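Enquirer:
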Amino acid sequence: MSPAEVGHRAVDAARRQAWARRRVAPGAVAPPPGALTDRGFGSVLPAAAREQVPADAAAAVVRAADRVLEGRWEALGVLRPDSAAPDWFHDPVTGRTAPQDRLAFRVAHRDETVTGNVKQVWELSRHHQVTTLAAAWWLTGDERYADAAAGQLRSWWQANPFLSGVHWTSGIEIGLRLVAWAWTRRLLDDWPKVGDLFEGDDDALRQIRWHCEYLAAFPSRGSSANNHVVAEAAGLLVGACAFDWFPRSARWRSDAARLLERELAANTFPSGVNRELATDYHRFVLELALVAAVEADAAGRPLSPATWLLVARSLDAAVAVLDSAGRPPRQGDGDEGRALVVDDPEGDPWAAVLGAGAALVGPMPWWPAAPEASVESVVLGAVGRRHPVDGPGERASRRPRSFADAGLTVLRSRPEDGPELWCRCDGGPLGFGSIAAHGHADALSVEVRYDGVELLVDPGTYCYHGEPVLRQWFRSTAAHNTLELGGVDQCDAGGPFLWMTHPRTTTLRQEPGDAPVRLWEAAHDGYTRLPVPLVHRRLVTLDSPARTLTVVDDVTGPVGSSGPAGAAVPLRLSWHLGPAVDVDLGDRTARLAWTAQDGRRTARLRLPGDLTWTAHRGEDDPPLGWYSPRFGRRVPSTSLVGTGSGAAGTHLVTVLELT
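At position 484 of the sequence shown (counting the first as 1) the number is 490 in the working numbering, and the numbers step up by one without a gap.
(1) Look up residue 197 in the DSSP assignment and say whether it is helix, strand or coil.
(2) Contact between the stretch 262-276 and the stretch 315-329: three or more CB pairs below 8 Å?
(3) Within a Cβ cutoff of 7 Å, which residues of the same chain sit near residue 650, ignoring the five residues on either side of it in sequence?
(4) DSSP state of residue 9, grouped into three classes?
(5) Please confirm whether residue 82 and residue 181 have their CB atoms less than 8 Å apart.
(6) For the beta strand (DSSP E) containing residue 126, list its first residue and its last residue.
(7) Which one of 548, 470 and 393 has the shortest CA to CA distance from residue 518?
(8) Quick test of your reading: residue 526 and residue 431, contact by CB under 8 Å. State the CB separation rounded to the nearest angstrom.
(9) Opposite residue 468 in the DSSP bridges: which residues?
(10) For residue 73 and residue 558, what's the separation of their Cα atoms in angstroms?
(11) If you reduce the DSSP assignment to three classes, tell me which class residue 569 lands in.
(12) May I ask you to verify whether the stretch 414-423 touches the stretch 476-493, counting CB pairs closer than 8 Å and requiring at least 3?
(13) Let me know the alpha helix (DSSP H) ranges lying completely inside the stretch 211-280, each 4 residues or longer, listed in chain order.
(14) When the distance is taken between beta carbons, is residue 579 closer than 8 Å to residue 648?
(15) Going by the beta-carbon positions, is the gap between residue 92 and residue 158 smaller than 8 Å?
(16) Which residues bound the alpha helix (DSSP H) around residue 557?
(17) Kindly indicate which three-state DSSP category residue 508 falls into: helix, strand or coil?
(18) What residue ranges within the stretch 337-410 form continuous alpha helix (DSSP H) runs of no fewer than 4 residues, ordered along the chain?
(19) Reducing DSSP to helix, strand and coil, say where residue 499 ends up.
(20) Does DSSP classify residue 590 as helix, strand or coil?
(21) For residue 633, which residues does DSSP report across the bridge?
(22) Can you give me the Cβ contacts of residue 482 inside the same chain, cut-off strictly under 6 Å, excluding the 5 residues immediately before and after it?
(23) Cutting at 6 Å between CB atoms, please list the residues of its own chain near residue 569, excluding the five before and the five after it.
(24) Pick out the complete alpha helix (DSSP H) segments inside the stretch 73-101, 4 residues or longer, and give them in chain order.
(25) In three-state DSSP terms, what is residue 603?
(26) Can you list, in chain order, the residues of its chain whose CB lies under 6 Å from that of residue 216, leaving out five sequence neighbours each side?
(27) Just mark residue 627 as buried or exposed, buried being the case when its beta carbon has 16 or more other beta carbons within 10 Å.
(28) Report the rounded CA-to-CA distance for residue 212 versus residue 38, giving the unit in angstroms.
(29) So residue 505 and residue 439 are in contact, right, with Cβ under 8 Å, and what is the actual spacing, rounded?
Structure, rendered in structure tokens:
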């Protein structure tokens, strides 16, 4: 942390100590809500919006709401039988119950022995299942959904008074709840009892005020000012705009808008790529920006044109990197965070967000296809107003193939040469800020897909808390398609969300354009910290007509190095295969096979002969051969590992041949 951040945290600590006196214990008499007497909710959905929702999307929301009522709702990959009447403090993963009646500032929420798996405890309290119920009521008028949504909110409000328990320990959670409450109120606007649930309920008024006060007082700062501060600012802006029922609402609104615009800019490269370099967080931050900007529109206080331009560029960046199946890369951490859930959460969150963006700023002509309408795109488009960003030079006039500021390059084959061969190359920073919390040790790694099928994969994230060995493996160098030297990661880990060293990656050349052969070359210095300092250099060549991808890895000494000439270190080259790929490993060749829509497909992976190759699948000690399709889940997949020794001058060639 910088000296300034240390100072801010000291001020926050003093404020928390002072605020501890304001804590309200469960069951205690709470102070008056302090709301204005003139309370209304003006930003309602137009009546015509309901008719714009496609029938399939509406039916999917109703099915999702039924899963809530039937106890078949999933949260982060775990079935929640209590989804109809949640135990707000229970963790079904560990069986533990998080503190309810302890001062929030004294709850060690990162300690699983105290809270259980805190992500699981927090997830239902984001109230995405409540907005799903509210959306089902809006679409059907079925009282069951409205009554269930109201019951869950009242239950939560009564169980979680100010600063008591685990749900007051994280600002991002508080911000996301305000978004959920605003949209629950909006979707239930025609329900006869909605005024009694919100405007006329002291518990509701107190909770809204408490949430806004907390976010105004304790924004994330410094090394923590990543997606968390964006969610906090977005939540406060939404709460202050939608529920402008308090004397300080105008101040909260203006402060939140200023903070949101500043932090969105700080968290985003000029190209539009999110600086955390974790693709799932790109989507999450983009959705937060859209939801908050729409609320500002509805309040008559639109965000600046510069922010809308940034949002448009983030949309274009997201669309640009999708493969032929519409799937994004799997770079860095991802925990499926959502700003707003009004569609079936088992559907594609990218399609919902990109559809909403298209409704608000408009798609570019080069977008592969217009996203299908969803409930989210319809309601955000109905409440907000269109902000077309189409001036000369403001947005990319053709599909970007690389983002130099983010070190992100996508090589893809020509359409005339057959099904798409897609390769993401990682030549960017480790992550955002001094701790790079959601980055992985994946410099120079690649992902490869053929016609939308994952061949060489990024294994994903799987978990944050509770399983430290797996947390570290999934973000390690060995878990990515790159080269490990000296038996260590490219960077030193200081904790589950902290990297102590940051490799410097340099793109040396790239030609991802229109020629039959596209290439990318980069190097990183993460191994110059070894006793024998070394540099990893990689050249990736995609030959579109030949249907081949060649990866050349070179190990060199750093410029000016005085290390022992020719000294060797342990070397490991990993190729992680998709879970749908069958593998037959021979001496120097792996034969790959998988089932595609049009039948069985095959490929050959020619491996460097100087290494000893082994295949691994679903191993736990140590972890190897795993793929996480979503947060909280992992499935076996095959990892090919080549081991040997490397020194300056080592030259390794791997060739993927599509047959």
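Glycine included, each C-beta is placed from N, C-alpha and C at the ideal position. Being a predicted model, the structure only gives us computed values, none of them experimental.
Expert: Per the coordinate set shown:
(1) Reading the sequence shown from its first residue, position 191 is the one you call residue 197. Coil at residue 197, not helix or strand.
(2) yes
(3) As a first step, residue 650 must be located in the sequence shown, where it is residue number 644. Cβ neighbours of residue 650 within its own chain (closer than 7 Å, five residues either side excluded): 577, 616, 617 and 618.
(4) Counted from its first residue, the sequence shown places residue 9 at position 3. The answer is helix: DSSP assigns residue 9 an H, G or I state.
(5) Counting from one through the sequence shown, the residue named residue 82 turns up at place 76. Counting from one through the sequence shown, the residue named residue 181 turns up at place 175. No, the Cβ-Cβ distance between residue 82 and residue 181 is not below 8 Å.
(6) In the sequence shown, residue 126 corresponds to position 120, counting from 1. Unbroken run through residue 126 is the alpha helix (DSSP H), 124-130; no beta strand (DSSP E).
(7) As a first step, residue 518 is located in the sequence shown; it is residue number 512 there, counting from the start. The option with the nearest alpha carbon to residue 518 is 548.
(8) As a first step, residue 526 is located in the sequence shown; it is residue number 520 there, counting from the start. As a first step, residue 431 is located in the sequence shown; it is residue number 425 there, counting from the start. Sure, about 5 Å apart at Cβ, within 8 Å.
(9) Here residue 468 corresponds to residue number 462 of the sequence shown, with the count starting at 1. None, per the DSSP bridge assignment.
(10) If you number the sequence shown from 1, residue 73 lands on position 67. If you number the sequence shown from 1, residue 558 lands on position 552. Cα-Cα distance, rounded: 49 Å.
(11) For the purposes of this step, residue 569 is taken as the residue at position 563 of the sequence shown. A caution first: residue 569 carries a pLDDT of 48, below 50, which makes its placement in the model unreliable, though a value can still be read off. Three-state result, residue 569: coil.
(12) no
(13) 233-248 and 255-272
(14) Here residue 648 refers to the residue found at position 642 of the sequence shown. Here residue 579 refers to the residue found at position 573 of the sequence shown. The criterion of a C-beta distance shorter than 8 Å is satisfied by residue 648 and residue 579.
(15) Counting from one through the sequence shown, the residue named residue 92 turns up at place 86. Counting from one through the sequence shown, the residue named residue 158 turns up at place 152. Going by C-beta atoms, residue 92 is nearer than 8 Å to residue 158.
(16) If you number the sequence shown from 1, residue 557 lands on position 551. Looking at the DSSP string, residue 557 is not in any alpha helix (DSSP H); the run it does join, the beta strand (DSSP E), is 554-562.
(17) Residue 508 sits at position 502 when you count from the first residue of the sequence shown. Under the three-state reduction of DSSP output, residue 508 falls in the coil class, being neither helix nor strand.
(18) 355-367 and 381-389
(19) Counted from its first residue, the sequence shown places residue 499 at position 493. It is a strand residue.
(20) Residue 590 sits at position 584 when you count from the first residue of the sequence shown. Strand at residue 590.
(21) Here residue 633 corresponds to residue number 627 of the sequence shown, with the count starting at 1. Looking at the DSSP assignment, residue 633 forms a beta bridge with 641.
(22) Residue numbering aside, residue 482 sits at position 476 when the sequence shown is read from its first letter. Closer than 6 Å at Cβ, skipping near neighbours: 447 and 495.
(23) The residue given as residue 569 occupies position 563 in the sequence shown. Because the pLDDT of residue 569 is 48, which lies under 50, any placement of that residue in the model is unreliable, and the number read from its coordinates should be weighed accordingly. Cβ-Cβ distances below 6 Å link residue 569 to 538 and 539 in the same chain, with the five nearest sequence neighbours on each side left out; the list follows chain order.
(24) Whole alpha helix (DSSP H) segments, 4+ residues: zero.
(25) In the sequence shown, counting from the first residue as 1, residue 603 sits at position 597. In the structure shown, residue 603 sits in coil (DSSP, three-state: anything other than H, G, I, E or B).
(26) The sequence position of residue 216 within the sequence shown is 210, counting from 1. The answer, listed in chain order, is 168.
(27) On the sequence shown, residue 627 is found 621 positions in, with the first residue counted as 1. Exposed, by the Cβ-count rule.
(28) Residue numbering aside, residue 212 sits at position 206 when the sequence shown is read from its first letter. Residue numbering aside, residue 38 sits at position 32 when the sequence shown is read from its first letter. Distance between the alpha carbons of residue 212 and residue 38 is about 7 Å.
(29) Counting from one through the sequence shown, the residue named residue 505 turns up at place 499. Counting from one through the sequence shown, the residue named residue 439 turns up at place 433. Actually they do not touch by this definition, with Cβ atoms about 10 Å apart.
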